[in-house]
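Novice: Dropping the structure in here first, questions after.
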Ligand code: CIR
């Protein structure tokens with residue numbers, strides 16, 4: 001397969017939804033004891049991200065900030081979207097559960113079919129869309145009940161789900177991996193060692209740059225955190241068109257590049 005991808009490829013997008021960060025983003029969840037990001041820093045990173053999506057050919061809908069939900073900038077987690085419709089998820093962090101009601105009206109405006117996960121918990125950050133199926137990582141945010149319920153929801157859209165394990169000490173499955181093209185995954189050495197990506201070619205994150213694994217392929221480019229110079233050099237050498245985007249502030253609250261948008265290809 002070429003590095004550009006076919007029309008139905010999982011990274012050909014022309015629409016995206018994002019949400020403006022709230023001032024409360026400084027209180028966003030984090031697993032470690034990292035210091036808080038600044039609001040201005042997150043806002044600047046968010047603006048750079050939206051500009052990168054637009055430059056990649058995506059029309060971006062920007063939803064208003066939600067002060068009551070510090071992590072609501074991470075719209076990837078409460079829903080999954082496809083050209084055929086959307087699935088409202090059940091985020092695993094209690095403080096994020098009601099983000100679903102907040103994003104639902106925006107999804108109902110653009111998708112004729114919107115279904116809701118009936119049980120369990122599941123975050124969009126645990127779902128990696130590949131050309132052949134959707135890999136669903138079990139994590140602290142996605143349990144087996146949620147993953148099984150999600151597989152049933154995916155079937156309604158004609159998609160297949162596969163349950164996999166998320167390595168310990170990472171928030172979401174996609175914290176540790178991303179799709180570079182239809183046959184290549186970029187992931188941490190720890191995730192590579194599990195063998196879960198046996199059907200793919202693998203590119204492994206350089207030493208000390210494991211956090212770069214949450215890159216984002218959009219159309220012809222790969223967005224990569226701008227602090228990850230070894231990753232940028234590596235992917236550049238492999239002839240990907242790399243677009244560095246700043247992520248050091250959102251990184252303090254365990255986020256990366258996929259988290260800040262819901263993306264799909266509209267007809
Ligand atoms: C959280 O813990 O939920 C947020 N601070 C970060 C969410 C990142 N989302 C993602 O990886 N999909």
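In the working numbering, the protein residues as written are 1 to 267.
Here a beta-carbon is modelled for each residue, glycine too, at the ideal position from N, C-alpha and C.
Identify, in the order they occur along the chain, each residue of the same chain with its Cβ nearer than 6 Å to the Cβ of residue 34, setting aside the five sequence neighbours on each side.
Specialist: Excluding residues within five positions, the ones whose Cβ falls inside 6 Å are 252.
Novice: What are the residues that DSSP puts in a beta bridge with residue 178?
Specialist: The partner list for residue 178 (beta bridge, DSSP) reads 186.
Novice: Could you tell me which residues DSSP puts in a beta bridge with residue 201?
Specialist: DSSP lists 184 as partners of residue 201.
Novice: Below 7 Å CB to CB, which residues in the same chain sit around residue 154 once its five sequence neighbours on both sides are set aside?
Specialist: Correct list, in chain order: 134, 160, 161.
Novice: In its own chain, which residues sit with a C-beta less than 7 Å from the C-beta of residue 52, not counting the 5 before and 5 after it?
Specialist: Contacts found: 223, 243, 245.
Novice: Just reading off the beta strand (DSSP E) that residue 161 is part of, what are its end residues?
Specialist: Unbroken beta strand (DSSP E) run through residue 161: 161–165.
Novice: Assess contact between the stretch 124–132 and the stretch 175–184, defined as three or more Cβ pairs (one per stretch) separated by less than 8 Å. Is contact present?
Specialist: Cβ pair count under 8 Å is three or more, so yes.
Novice: Given 7 Å as the limit, tell me if residue 258 has its C-beta closer than that to any heavy atom belonging to the ligand CIR.
Specialist: At least one heavy atom of the ligand CIR is nearer than 7 Å to the Cβ of residue 258, so yes.
Novice: Going by Cα to Cα distance, which pick from 144, 11, 31, 36 is closest to residue 23?
Specialist: Of the candidates 144, 11, 31, 36, the one whose C-alpha sits nearest the C-alpha of residue 23 is 36.
Novice: Could you tell me which residues DSSP puts in a beta bridge with residue 62?
Specialist: Answer by DSSP bridge pairing, in chain order: 18.
Novice: Just tell me which of 212, 239, 221 has its CA closest to the CA of residue 229.
Specialist: Per the Cα distances, 212.
Novice: Is there at least one non-hydrogen atom of the ligand CIR closer than 7 Å to the beta-carbon of residue 159?
Specialist: No - the ligand CIR has no heavy atom lying nearer than 7 Å to the Cβ of residue 159.
Novice: Is any non-hydrogen atom of the ligand CIR found closer than 7 Å to the C-beta of residue 174, if you look at the structure I gave you?
Specialist: Residue 174: yes, Cβ under 7 Å from the ligand CIR.
Novice: Only counting the same chain, and skipping five residues up and downstream in sequence, which positions put a Cβ closer than 6 Å to that of residue 227?
Specialist: Cβ within range, chain order: 248.
Novice: If we call anything under 8 Å between Cβ atoms a contact, is residue 254 one with residue 66?
Specialist: Not closer than 8 Å, so no.
Novice: Quick check: the stretch 70–89 against the stretch 98–116, are there 3 or more CB pairs under 8 Å?
Specialist: Contact holds: three or more Cβ-Cβ distances are below 8 Å.
Novice: The beta strand (DSSP E) that contains residue 262, what's its start and end?
Specialist: Here the beta strand (DSSP E) through residue 262 covers 262–264.
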